Amino acid sequence: MSEYEKPKLDRRVRRTLRMLREALLELILEKGYDNISINDITTRADLSRATFYLHFSDKDDLLLHSLEEMFDDLVNQRLQSLDPTTLMQSDGTPPSLFAFQHAAEYKDLYRALLSERGVAFVLHRIRLYMAQITRRQLLNYFSHIPAGTLEFVAQYLAGSLLNMLLWWLENEMPHPPEEMAQRYHLLTVHGLRGLLPSLVSMDGGASD
0 MSEYEKPKLD
10 RRVRRTLRML
20 REALLELILE
30 KGYDNISIND
40 ITTRADLSRA
50 TFYLHFSDKD
60 DLLLHSLEEM
70 FDDLVNQRLQ
80 SLDPTTLMQS
90 DGTPPSLFAF
100 QHAAEYKDLY
110 RALLSERGVA
120 FVLHRIRLYM
130 AQITRRQLLN
140 YFSHIPAGTL
150 EFVAQYLAGS
160 LLNMLLWWLE
170 NEMPHPPEEM
180 AQRYHLLTVH
190 GLRGLLPSLV
200 SMDGGASD
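Note that the sequence shown covers residues 0 to 207 in numbering that gives the first Met the number 0.
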């Protein structure tokens, strides 16, 4: 998932991509990802196989594209600027809330994907995306953080958030998204604020 701005696509291309995404996501809920063929996708989308391969190399490529679009839409809609003193969003909610809201909104899709043996790459890509968002937010408020510390912290926060989300989904979401985001914030942010200077000193830099 690129950190660079995406090129604008022709309206017809956007419509084709949307039809393929919707077809895949519907089929995942109906029959499971491993059981879906390219023919299933193109038949559901009422498009040719040639059209599919014009945009994607295989169904894994389409799945990653679909997840990326979902994440980008969510981040653009819900992720806000942070208060540098509390690292809370401008409305007073934890920045991780968008992730729990997204998981709750698409819980059936995620449960279907996580029940498959062949989609471990999905978890890897989600973690990379979370690390990308975390990296971007850290740089907004700790502009001089050394690259080594930045990457270490971004990967740690992304991994811990992903594990928390997986536990939450696997256990039938025992707490509402707002409470989960608050718990995660308390566990991570206070520790980060206290430990960041020490981590930065190991890289020989300054965090502010």
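Ideal placement from N, C-alpha and C gives every residue a C-beta, glycine not left out. Since this is a predicted model, take the numbers as computed values, not measurements.
With 16 other Cβ atoms within 10 Å as the buried cut-off, status of residue i
i	result
Thr85	exposed
Glu4	With a pLDDT of only 49 at Glu4, under the threshold of 50, the placement of this residue in the model should not be trusted, and no figure is reported.
Trp166	exposed
Leu8	exposed
His143	exposed
Tyr32	buried
Leu61	buried
Gln76	exposed
Ala119	exposed
Leu66	buried
Alpha-carbon to alpha-carbon, residue j and residue i
i	j	result
Met201	Ser56	43 angstroms
Glu2	Tyr128	Note that Glu2 scores 44 on pLDDT, short of 50, meaning its location in the model is unreliable and no value can be drawn from it.
Leu16	Gly190	42 angstroms
Leu175	His54	Position check: residue 175 holds Pro in this sequence, whereas Leu was assumed. Going from the Cα of Pro175 to the Cα of His54 covers about 38 angstroms.
Gly147	Arg134	11 angstroms
Asp59	Leu156	26 angstroms
Arg48	Gln131	33 angstroms
Met179	Leu161	12 angstroms
Met0	Leu113	Residue placement at Met0 is flagged as unreliable, the pLDDT there being 43, under the threshold of 50; the coordinate-derived value follows with that caveat. So the alpha carbons of these two residues sit roughly 20 angstroms apart.
Arg11	Leu23	19 angstroms
Val74	Phe97	7 angstroms
Asp45	Arg14	12 angstroms
Rounded distance between the beta-carbons of residue j and residue i, thought under 8 angstroms
i	j	result
Met163	Ala103	Their Cβ separation, rounded to whole angstroms, is 13 angstroms, which puts Met163 and Ala103 out of contact at 8 angstroms.
Inset, instruction - Check whether the region 38-47 touches the region 9-24, taking contact to mean three or more Cβ pairs, one atom from each stretch, closer than 8 angstroms. - result: yes
Inset, instruction - Decide yes or no for the touch test of the region 138-152 against the region 98-114: beta carbon pairs closer than 8 angstroms, at least 3 of them. - result: no
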